[in-house]
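What follows is a set of notes on a single structure, which appears directly below.
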Amino acid sequence: MSEAVVAKRYADALFQLGTEKQAHEEMVEEFRVVKEIFQDNKRLYTFLKHPRVNNEKKKQFLDEVFQGMSTDVVNTLKLLVERHRVEIIPFVIDQFRQMVYDAQGIAEATVYSVQELSDAEIKELAAVFAKRLGKKEIKLENKIDPSIIGGVKLQIGNTIYDGSLHAKLKRIERNIAGAN
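Position 121 (the sequence shown) corresponds to 121 in full-length UniProt numbering; numbering is contiguous.
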């Protein structure tokens, strides 16, 4: 079975658990922290996947590292370690977050700009696209990309809305080349 399919199954179970306990927001936030910890500490993967370290030591380590987090989050990590599925932890987290956001009418997007956008600009852009896409809210992440020259480029899922100066220049270039 592919990792995406397996991750989806774990995410489905987490979503149901979060629904029963009415704890989606808390779980999303805790899993965000977990994902950051895994991204910042590549040696953590190595340790949790190491065949010579027994599962009990790995579980004890997870209890210590993620102390203060909900038992549901920690138990999920332990289960994935026990079943030798450490590599799918980020996929499970992403799938779970996406399921929660879909249920709440929230979309995630990345906005590319030449310079950092102000909070007001981000809020206005999020409000415009939320209304346009029929979403309750859009969570925007601003990334700097000097190659766009000016304007902004917004990516929501697989859809890109390109209002950058670079894209406009490319269109003009194609029109001129097509006219010749």
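Here a beta-carbon is modelled for each residue, glycine too, at the ideal position from N, C-alpha and C. Note that the structure is a prediction, hence the values are computed from the model and not measured.
1) Find out if the Cβ-Cβ distance for the pair Glu137, Gly105 is shorter than 8 angstroms.
2) Give me, in chain order, the residues of the same chain whose beta-carbon lies closer than 6 angstroms to that of His24; leave out the 5 immediate sequence neighbours on both sides.
3) Taking Cβ to Cβ, would you say Ile149 is nearer than 8 angstroms to Gln115?
4) Which residue comes first and which comes last in the beta strand (DSSP E) that contains Asp145?
5) Can you give me the C-alpha to C-alpha distance between Phe47 and Asn41, rounded to a whole angstrom?
6) Please report how far the alpha carbon of Asp63 lies from the alpha carbon of Phe91, in whole angstroms.
7) Could you tell me whether the segment 1 to 15 touches the segment 72 to 91, where touching means 3 or more Cβ pairs closer than 8 angstroms?
8) Would Met27 count as contacting chain D if we go by Cβ distances under 8 angstroms?
9) Assuming Val111 contacts Leu125 (C-beta within less than 8 angstroms), just tell me the rounded distance between them.
Taking the geometry as given:
1) yes
2) Gly18, Val100
3) no
4) Element bounds for Asp145: n/a, residue is neither H nor E.
5) 10 angstroms
6) 21 angstroms
7) yes
8) Any reference to chain D falls outside this structure, which holds one protein chain only.
9) 6 angstroms
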